[in-house]
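Down below is the structure, laid out as structure tokens.
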Amino acid sequence: MTTPIKIITGVAVVALISCGIWFLQTGRTEITYGRVTTEQAQRAVAVLSTDTDKDGLKDWEEELWHTDQKVADTDGDGTLDGEEIRLGRDPVKAGPNDKLDKETIEKKTVPGGGISWTETDKVSREFFAKYLSMRKADKPFTEEDGRALLAEFSNRAPETPPQRKYTESDILPAKDDTTASLKAYGNAIGSAVNALPKDTEGELVIFERAMQNEDAADLASLDRRIKRYEDLLTSFKAIPAPKSAEEIHLALLNSVWGLTEAVEGMALALSDPLRSMSLVVKYPTAYEDMTKAFTALTTLFEKEGITFGKGEEGSVLTQ
């Protein structure tokens, strides 16, 4: 099943229409980026051109001004919202004493870095400024305009943070590398895994549903998943690793860290979607790395002739 990422913060809803597509298949997520298609450009133009209440402000512009896209005169002072903006007046404060100051106008329209701005805020305003420079009063915003604008913004794939955080120096070494030490290591890893709370839904299921419904409360439930990964990482870091398992242990540390960061990104999807995407892109790699690490651990136990009985914590690794 595929579902477009839904963005409700400012004009990022338009900037990201074509660049972020989630493919939730067999429990894994991938993000692809491509050129803006005609269909995407048409959709962008439709979004950029829609003025539901016919007040002179496009619906997406109303997001920036905090006006009501279904009410032509949000503050009820007798002047349409779009006309108030053109006159330098505040559309959410009833006149006559509602003149906007330069600082307020710049915060809405000038790209750059506000101290408290999220990454989405910054791109939204940059997008807004670019849109205003392209739009002409005597000429409608065309599909070609939409294609050009989207191509500039939507093809900016978010930078993926480094996938590797931990190094060999972060591993707590075991006293020896005997079979007994390796088995003790397996039981310790199994104990950390078994201590995790059991969940009936995976984070991807929650994330997909929250995106479909734009449900911030559902996304907030991911905090428990984040805490689970943080606890697992803390436990893994405290386990002494025999020399023969150090490379696998390092992969486990980095994969759990990657999953933690990725789920933190999922939780930001509605409040700061661009930041969210830059983190969530780590999920597929981290998930695959963890799978490979546990598989390698099982192979190592088999090679060393190590088995775990049903009552031993390490049995969860070889089931």
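The sequence shown runs 4 to 322 under our numbering.
For glycine and all other residues, C-beta sits at the position ideal for the given N, C-alpha and C.
Bear in mind that the values here come from a model prediction, so they are computed numbers and not experimental data.
Closest by C-alpha distance to residue i, when choosing among the options
{"i": "V196", "options": "W63, M269, S318", "result": "S318"}
{"i": "G79", "options": "L67, G98, Y232, T310", "result": "G98"}
{"i": "S224", "options": "E204, K240, L235", "result": "E204"}
{"i": "D76", "options": "E66, L67, L60, S238", "result": "L60"}
{"i": "V283", "options": "A219, L253, E146, G261", "result": "G261"}
{"i": "R167", "options": "V259, R231, D58, D202", "result": "V259"}
{"i": "E171", "options": "D221, L90, N257, G308", "result": "N257"}
{"i": "R231", "options": "D62, L199, S279", "result": "L199"}
{"i": "D292", "options": "L103, L253, D148", "result": "L253"}
Close-in-space but distant-in-sequence residues of the same chain around residue i (CB under 6 Å, 5 per side omitted)
{"i": "P245", "result": "A177, D180, S184, L185, Y188"}
{"i": "K96", "result": "D78"}
{"i": "G314", "result": "none"}
{"i": "D58", "result": "A75, L83, D84, G85"}
{"i": "A213", "result": "D221, L222"}
Separation of residue j from residue i, as counted between CA atoms
{"i": "L320", "j": "G193", "result": "6 Å"}
{"i": "G312", "j": "E305", "result": "14 Å"}
{"i": "T310", "j": "L255", "result": "21 Å"}
{"i": "F263", "j": "A248", "result": "Rather than Phe, the amino acid found at residue 263 in this sequence is Thr. Each residue's Cα considered, the two are about 23 Å apart."}
{"i": "L303", "j": "T294", "result": "14 Å"}
{"i": "N190", "j": "T288", "result": "26 Å"}
{"i": "F239", "j": "D101", "result": "59 Å"}
{"i": "T6", "j": "D234", "result": "At T6, the pLDDT of 28 sits below 50, so the modelled position is not reliable; the number obtained from the coordinates is stated separately. Those two C-alpha atoms are separated by around 31 Å."}
{"i": "P243", "j": "I174", "result": "7 Å"}
{"i": "L169", "j": "L236", "result": "Rather than Leu, the amino acid found at residue 169 in this sequence is Tyr. Going from the Cα of Y169 to the Cα of L236 covers about 11 Å."}
{"i": "K201", "j": "E307", "result": "31 Å"}
{"i": "P143", "j": "D104", "result": "29 Å"}
{"i": "E316", "j": "E64", "result": "57 Å"}
{"i": "D62", "j": "E211", "result": "25 Å"}
{"i": "K133", "j": "D275", "result": "20 Å"}
{"i": "A92", "j": "G81", "result": "According to the sequence shown, residue 92 is Arg rather than Ala. C-alpha separation (whole angstroms): 12 Å."}
{"i": "G37", "j": "R278", "result": "Bear in mind that a pLDDT of 46 at G37, under 50, signals an unreliable position, so the model cannot answer this."}
{"i": "M137", "j": "A219", "result": "34 Å"}
{"i": "Q322", "j": "E250", "result": "22 Å"}
{"i": "A241", "j": "L152", "result": "50 Å"}
{"i": "Y290", "j": "L90", "result": "53 Å"}
Cutoff 7 Å; reference residue i; Cβ partners in own chain excluding five residues on either side
{"i": "P94", "result": "W68, T70, T77, D78, D84, E87, I88"}
{"i": "E206", "result": "L225, R228, V266, M269"}
{"i": "Q72", "result": "T55, D56, D62, E65"}
Exercise. Is the segment 296-312 close to the segment 265-278, with three or more CB pairs under 8 Å?
Worked result: no
Exercise. Would you call the segment 69-87 and the segment 49-60 in contact, with 3 or more CB pairs under 8 Å?
Worked result: yes
Exercise. Which whole runs of the beta strand (DSSP E) in the segment 257-289 are 3 residues long or more, in chain order?
Worked result: none
For this session: Tell me the start and end of each unbroken alpha helix (DSSP H) in the segment 205-252 that is at least 4 residues and wholly inside, in chain order.
Result: 206-216, 219-223, 225-240
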